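Chains as they are written, first to last, in the numbering used here: chain A, 510 to 802; chain B, 510 to 802.
The beta carbon of each residue, even a glycine, is placed where N, CA and C say it ideally should be.
Every value quoted in this text rests on a predicted model; they were computed, and no experiment measured them.
Each remark here refers to the structure printed beneath this line.
Protein chains: 2
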Amino acid sequence: MARRVRPLWTSVPRQVRARVRRWRARGKSVAFVPTMGALHAGHLALIARARRAADRVVVSLFVNPLQFDNVNDLKAYPRDFTRDLGILSGAKVDLVFAPRADVFYAKDHATRVVVEGLDRVLEGAHRKGHFTGVATVVTKLLHVVEPDQLWLGQKDAQQVAVLKRMVRDLDLPVAVRVGATVREKDGLAMSSRNARLSADERAQAPALYAALRAGAQRLLHPGRAPAVHVAELAMHVVLARAKLLRVDYATLVDPRTFSAPGRDVRRGLLVVAARFPSARLIDNLPVRLGGAR
Amino acid sequence: MARRVRPLWTSVPRQVRARVRRWRARGKSVAFVPTMGALHAGHLALIARARRAADRVVVSLFVNPLQFDNVNDLKAYPRDFTRDLGILSGAKVDLVFAPRADVFYAKDHATRVVVEGLDRVLEGAHRKGHFTGVATVVTKLLHVVEPDQLWLGQKDAQQVAVLKRMVRDLDLPVAVRVGATVREKDGLAMSSRNARLSADERAQAPALYAALRAGAQRLLHPGRAPAVHVAELAMHVVLARAKLLRVDYATLVDPRTFSAPGRDVRRGLLVVAARFPSARLIDNLPVRLGGAR
């Protein structure tokens, strides 16, 4: 029987739910990739990974007002629905959910999903309420889409930690999968915010990844001083050369807690955040930790 | 084919999820009744209503530590698993989920579901963190059970308001249904906490319902003074006769917000909370509001 042509996108939650339930009733596995639009090669790599891992792929396009602590950042966030939809159509996505903010959040919306602890450090400390906004919207999206897999990008590593914790704590019936960070040739991690950088800022932006690599190098070959301090110092030295940026943090954390790793932790994460006048950027690099700390 | 005999209860979330999914895949509707055990006729009436409304009924038995603001109240809460299981077996429940607290909440559990506003007034004000504990555990239970219907008792009216708001705000795919309060012959609302009352306290406990009826009477037949104030005064007069209790509140609210009803609100709720030395009791009575306020 010929497959009926259905519209690629909808803003109506119950249409998404009905479609996904029909797929699942027929034994199809469903992967979900939440995005805020402004799609770039990083999103496409994530969608391609999801495509290989599941029978159907649902992508959401939603600039979630709840996760912006800064109204100017929300206003400046790039939006081009037609362009994004064209890209997703080319990426063989099965369904796009693009809710309207004023419908998705009722006027008297009052419920928040809070992941305590993780929401207070690093990105959480620099962007008040950000992770509560992320956890709340992803909970809503998961309830609408009801996927088997939730695909997230490693670039937003603390977001991954928050959502993994949330999924476990709330017994959400979904597997969290993580796609590797996609980088420009000069090492800059793909991000929708890169488009806002001036030419001079763009020229200095690879400093974040360069700093992470310098830090990782020092962890691999520790000298006599505590390796963590040497690594963090090395990151700051590299970042200091990029005169247009100001460092929010550059440090080594446990990727599950985003606090200093305990002595028994074998997998660490170097994380960095820095502000250019036009945009704030983050990046990270997983590292293996030896016993030499 | 003969139906296999399965155990009535389990403490393992994935066993519950698997069983319910098989039912739903066969087109069976599933109702869920969360309880903290210490079952009484009120629970049984709720289960019987759920039984009539769905093909399968799942009941949870779980004294949720997260919703107790008072450690003594948590310790004093009656627990008799064997008795409860016997009652549920007689009530033709299909599956009982009785998680272990130390497994259901991981040691580093960090996620909270907060329903802002409703968690600050009346019961929320008197029991700090209570509704966050309720919202969090019900979210977890709904993710494990994945029912079509969530059945709640009207006796805990503010809990109903909190959970209805949460289900709507988070797009939880479940219909919230409410069962009427079941009362002793003298009007006392059934509650697991009634068992803790002394004989003298038990004798005075019907004052709560008597106060609600007195308040409703004044709303039906308003005089010249504002009916709301007259009704609240009438409730306090009745409660004052019960010498062993102290009133936490006795007032008229909008059942959706638990704040003072606006002039256009047609359905009000009289609510009362009072403390005996041995237990704190609550009750409520829905009322129609005229234009005479």
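Note: Gly777 of chain A is bridge-paired with A:Val796 in the DSSP secondary-structure output. Unbroken beta strand (DSSP E) stretches of 3 residues or longer found wholly inside the segment 561-627 of chain A: 565-570, 604-606, 620-624, given in chain order. The shortest C-alpha to C-alpha distance from Val602 of chain B to any of B:Pro516, B:Phe640, B:Arg784 is the one to B:Pro516.
For Asp678 of chain A, the enclosing alpha helix (DSSP H) stretches over residues 666-678. Residues of the segment 520-551 of chain B that bring their beta carbon within less than 8 Å of a beta carbon in chain A comprise Pro522, Arg526, Ala534, in sequence order. Listed along the chain, the chain A residues whose CB falls inside 7 Å of the CB of Leu679 of chain B are Thr620, Thr648, Lys649, His652. Neighbours of Ala615 of chain B across chain A, judged by C-beta separation under 8 Å: Arg677, Asp678.
Rounded to the nearest angstrom, the gap between the Cα atoms of Arg677 of chain B and Val647 of chain B is 14 Å. Of the candidates B:Ile556, B:Arg560, B:Leu548, B:Arg674, the residue whose Cα lies closest to the Cα of Val572 of chain B is B:Leu548.
Contact of Arg674 of chain B with chain A is assigned, a C-beta pair being separated by under 8 Å. Contact between the segment 779-797 of chain B and the segment 656-671 of chain B is established, with three or more Cβ pairs separated by less than 8 Å. A Cβ of chain A is located within less than 8 Å of the beta carbon of Glu625 of chain B. With contacts defined as CB atoms closer than 8 Å, Leu627 of chain B and Ala670 of chain B qualify as a contacting pair. Taking 8 Å as the CB threshold, Pro682 of chain A lines the interface with chain B. Of the residues assessed, Ala740 of chain B falls on the buried side of the cut-off, its CB having 16 or more other CB atoms within 10 angstroms.
When only Cα atoms are considered, Ala563 of chain A and Val624 of chain B end up about 35 Å apart. Taking each of B:Val566, B:Thr544, B:His552, B:Ala557 in turn and checking the Cα distance to Arg533 of chain B, the smallest one comes out for B:Val566. Here Pro516 of chain A carries a coil assignment [DSSP, helix/strand/coil]. Shown here, Thr544 of chain B sits in a strand according to DSSP, grouped into three states. The beta carbon of Asn703 of chain A sits closer than 6 Å to no other beta carbon from its chain once the five residues preceding and following it are set aside. Considering only A:Pro786, A:Arg784, A:Ala751, A:Gly724, the residue with the shortest C-alpha distance to Val762 of chain A is A:Gly724.
One alpha carbon belongs to Leu706 of chain A, the other to Phe785 of chain A, and they sit about 8 Å apart. Distance from the CA atom of Arg530 of chain A to the CA atom of Val529 of chain B, rounded to whole angstroms, is 15 Å. Arg526 of chain A places its beta carbon less than 8 Å from that of Val653 of chain A. About 6 Å separates the Cβ atoms of Asp757 of chain A and Ala783 of chain A, confirming a contact at the 8 Å cut-off. The alpha-carbon separation between Thr519 of chain B and Lys584 of chain B amounts to approximately 23 Å. One alpha carbon belongs to Leu604 of chain B, the other to Leu570 of chain B, and they sit about 11 Å apart. Under the three-state reduction of DSSP output, Asp695 of chain B falls in the coil class, being neither helix nor strand.
Between Arg592 of chain A and Ser700 of chain A, the alpha-carbon positions lie close to 16 Å from each other.
When secondary structure is reduced to three states using DSSP, Asp709 of chain A falls in the helix class.
Each of B:Val568, B:Ile556, B:Lys616, B:Thr544 was checked against the Cα of Pro587 of chain B, and the nearest Cα belongs to B:Thr544.
Its chain contains Val685 as the residues whose beta carbon lies nearer than 7 Å to that of Lys673 of chain A, once the 5 sequence neighbours on both sides are disregarded; these appear in chain order. In the structure shown, Ala749 of chain B adopts helical secondary structure according to DSSP, grouped into three states. Between Val542 of chain B and Leu555 of chain B, the gap from beta carbon to beta carbon is short of 8 Å.
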